[in-house]
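Line by line, the protein sequences are chains X and W.
Heads up, the first sequence is in the working numbering, so the first residue is 1 and it goes up one at a time.
Heads up, the second sequence is in the working numbering, so the first residue is 1001 and it goes up one at a time.
Glycine included, C-beta positions come from ideal geometry on N, C-alpha and C.
2 protein chains.
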Amino acid sequence: MLTPMNGVDRQKLFDTIDAITADKTIARFKFRLRNKWVDGGENRSRVDDYDGANQTFRREAPFELVNDEPPVLLGTDRGPNPVEYVLHALAGCLTTSLVYHAAAKGIEVKGVTTRFEGDLDLRGFLGIDSNVRRGYQGIRVVFDIDADMDEAGKRELIKTAQKYSPVYDIVTNGVPVACVLDARQAQAA
Amino acid sequence: MLTPMNGVDRQKLFDTIDAITADKTIARFKFRLRNKWVDGGENRSRVDDYDGANQTFRREAPFELVNDEPPVLLGTDRGPNPVEYVLHALAGCLTTSLVYHAAAKGIEVKGVTTRFEGDLDLRGFLGIDSNVRRGYQGIRVVFDIDADMDEAGKRELIKTAQKYSPVYDIVTNGVPVACVLDARQAQAA
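Take a look at the structure:
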């Protein structure tokens, strides 16, 4: 029986790896949400159920997330804006990947703090210059890691996080996104 | 003086476009946040200031966002997980892009609801099969739009959202992400 490390139940982690190695269908997850426009730059998402390990899981209570834009971007600042949420997703995933993979290797981590910054040129979104991309031109991440190891060891932890993080893969490599109009609505129109 | 539409101050929107056309430095934004690991799959981001229009803006109160993982992914479910936040960011940005660009064209939108789903194979994150990608293999989006227009018009609104949304660009095309160890920490090690 392995002891937990970095708050990660390592026994359950290795049991999961064994189970997936025996039956890869256990590894298939589907995450989902519904979003509803409120007004202007404000909209809200409801995050509840997801599929994984051949079953559907539902939260005890759904999470509600608020997107808005600050006044300079014509919003009412009731929540972070979507490009800030991208940084949050990336921060969370890199940190969790670092901590989980360290735990799997038996490396104790005492603290991780990160700073994220992304450059965005509004001419893209506004359609002022079609040569300017709409999204971030680049994102910079600075890690501060508290662990009993030298600089090279910490850099290795960062590399491992980059190697295994799902959101780092999504943000750096891109994912196909298919957008359609609701079929019932399309029929009704 | 233009009237607002879809909750968007169109006069301010066109004034912004004019200002940026005259001075492109106004269009340069930097969004940022700090994240701190709590334990296991839980970590928290603090979203506060950002740069844009040649100045730094600070929120009246910072936003705090919570990442966690559900129990099946060895977490304590105190918040959505990072890949769910990716869907939230994408949902918010596509919706805001749709609504703002409709407003700019004088198209009234009464409602937008969307459903998002992404497929993720955990073998990537766990390093069980290096041929399986870590991030989403694909994301599906279904739009339900309430507006006085036919199906073709609604499909056009969706295409416009895809064309101008920063997060859609980030998620479909990818962005360079540079990760470094804090320089002071590197010196101290």
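Query, Result
"In the DSSP output, what is residue 1005/W paired with across the bridge?", "1008/W"
"With DSSP run on the structure shown, which of helix, strand or coil describes residue 1076/W?", "coil"
"For residue 1189/W, I'd like the list of residues in its chain whose CB is within less than 7 Å of its CB, leaving aside the five on either flank, ordered along the chain.", "For residue 1189/W, the pLDDT reaches just 48, beneath the cut-off of 50, and the residue's location in the model is therefore unreliable, although a value from the coordinates is still provided. There are no such residues."
"At 3 residues or longer, what runs of the beta strand (DSSP E) sit wholly inside the segment 1077–1164 of chain W?", "1111–1121 and 1138–1146"
"Expressed to the nearest angstrom, what Euclidean distance is found between the alpha-carbon atoms of residue 1107/W and residue 1089/W?", "24 Å"
"Touch check for the segment 1047–1061 of chain W and the segment 1071–1090 of chain W: three-plus C-beta pairs under 8 Å?", "no"
"Less than 8 Å separating the beta-carbons of residue 134/X and residue 118/X?", "no"
"Return helix, strand or coil for residue 1046/W, following the three-state DSSP convention.", "strand"
"Does at least one heavy atom of the ligand HEM sit under 7 Å from the Cβ of residue 1054/W?", "Looking for the ligand HEM in the displayed structure turns up nothing, as the structure carries no ligands at all."
"If the cut is a Cβ gap below 7 Å, which residues of chain X does residue 1121/W touch?", "27 and 28"
"Should residue 1111/W be labelled buried (16 or more other beta-carbon atoms within 10 Å of its own) or exposed?", "exposed"
"Going along the segment 1149–1173 of chain W in order, which residues come within less than 7 Å of chain X, judged by CB to CB distance?", "1150, 1151, 1154, 1155, 1158, 1162, 1164, 1165, 1166, 1167, 1168, 1169, 1170, 1171, 1172 and 1173"
"Measure the C-alpha to C-alpha separation of residue 175/X and residue 166/X and round it to an integer number of angstroms.", "11 Å"
"Exposed or buried, which one is residue 1130/W when buried takes at least 16 other CB atoms within 10 Å?", "exposed"
"Residue 1173/W by DSSP, collapsed to three states: which one?", "helix"
"Counting only C-beta atoms, is residue 1106/W closer than 8 Å to chain X at any point?", "no"
"Using the C-alpha atoms, what's the distance from residue 1012/W back to residue 1022/W?", "15 Å"
"Please report how far the alpha carbon of residue 1097/W lies from the alpha carbon of residue 162/X, in whole angstroms.", "30 Å"
"Can you check whether the C-beta of residue 3/X is within less than 8 Å of a C-beta belonging to chain W?", "no"
"Can you give me the C-alpha to C-alpha distance between residue 1239/W and residue 1127/W, rounded to a whole angstrom?", "The requested residue 1239/W does not occur in the structure, where chain W is confined to residues 1001 to 1189."
"Smallest Cα separation from residue 57/X: which of 9/X, 80/X, 122/X and 29/X?", "29/X"
"Helix, strand or coil for residue 1018/W per DSSP?", "helix"
"Reducing DSSP to helix, strand and coil, say where residue 183/X ends up.", "helix"
"Where does residue 189/X fall in DSSP's three states?", "With a pLDDT of 48 at residue 189/X, under the threshold of 50, the modelled position of that residue is not reliable, and the figure given next carries that caveat. If DSSP states are grouped into helix, strand and coil, residue 189/X belongs with coil."
"How would you write the range of the beta strand (DSSP E) that residue 56/X sits in, first residue to last?", "55–57"
"Could you give the DSSP three-state label for residue 1178/W: helix, strand or coil?", "strand"
"In terms of DSSP beta bridges, what is residue 1051/W paired with?", "1030/W and 1056/W"
"Determine, using beta carbons only, whether residue 1096/W comes closer than 8 Å to chain X.", "yes"
"Answer with yes or no whether the minimum CB distance from residue 144/X to chain W is below 8 Å.", "yes"
"Leaving out the 5 sequence neighbours to the left and right, which residues in its chain are closer than 7 Å to residue 91/X when beta-carbon positions are compared?", "114 and 116"
"Closest to residue 82/X by C-alpha separation, out of 1094/W, 1060/W, 1080/W and 1007/W, would be which residue?", "1094/W"
"Opposite residue 1036/W in the DSSP bridges: which residues?", "113/X and 1044/W"
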